[in-house]
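*Asks:*
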Amino acid sequence: MKLLESLINTTVEQAEKLHDYVQLHFDNKSILNINNRFAVSEKDQSISKFKGLKVKEVTEMPEIITISFSNGQHINIGLKDEDFTSPEALELTLANGSIFIWP
4 MKLLESLINT TVEQAEKLHD YVQLHFDNKS ILNINNRFAV SEKDQSISKF
54 KGLKVKEVTE MPEIITISFS NGQHINIGLK DEDFTSPEAL ELTLANGSIF
104 IWP
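Position one of the sequence shown corresponds to residue 4 (our numbering), numbered consecutively onward.
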């Protein structure tokens with residue numbers, strides 16, 4: 004299983020933009036920091052609207068990661084060189100304290 008798949012069937016408890024990155028807190032106590040450029044499926048680019056949504060699917064491709072939610076919305080996280088705004092694309096912290104970085 005890919006690490007981000009551990010988010011499937013979890014619910015977003017908190018979603019916010021902090022400084023220059025986005026942070027999602029899940030009900031399994033995982034935290035996902037999104038540092039790269041991203042796009043959401045709706046015209047309203049507000050991250051806070053993901054609060055309360057359940058992760059339905061996570062797709063990892065070489066140039067994009069898509070997190071899909073139960074209401075049909077999704078977040079696309081770019082992995083191309085031009086999408087990087089810091090050395091790490093993503094940082095996933097699990098409930099046990101393990102931290103995983105997508106370079």
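In this text, a Cβ means the ideal position worked out from N, Cα and C, and glycines have one as well.
Please report the distance separating the alpha-carbon of residue 40 from that of residue 73.
*Replies:* In the sequence shown, the residue the question calls residue 40 occupies position 37. In the sequence shown, the residue the question calls residue 73 occupies position 70. Those two C-alpha atoms are separated by around 23 Å.
*Asks:* In this structure, what does DSSP give as the bridge partners for residue 11?
*Replies:* Start at 1 with the first residue of the sequence shown, and residue 11 comes out as number 8. In DSSP, residue 11 forms no bridge with anything.
*Asks:* Return the residue from the list 31, 106, 100 that minimises the CA-CA distance to residue 80.
*Replies:* By 1-based counting over the sequence shown, the position of residue 80 is 77. Closest by alpha carbon: 106.
*Asks:* What does a CB cutoff of less than 6 Å around residue 30 pick up in its chain, not counting 5 residues either side in sequence?
*Replies:* By one-based count along the sequence shown, residue 30 stands at place 27. For residue 30, where only same-chain residues beyond five positions count, the Cβ hits under 6 Å are 13, 14, 16.
*Asks:* State the beta-bridge partners of residue 36 as determined by DSSP.
*Replies:* For the purposes of this step, residue 36 is identified with residue 33 of the sequence shown, where counting begins at 1. Answer by DSSP bridge pairing, in chain order: 26, 94.
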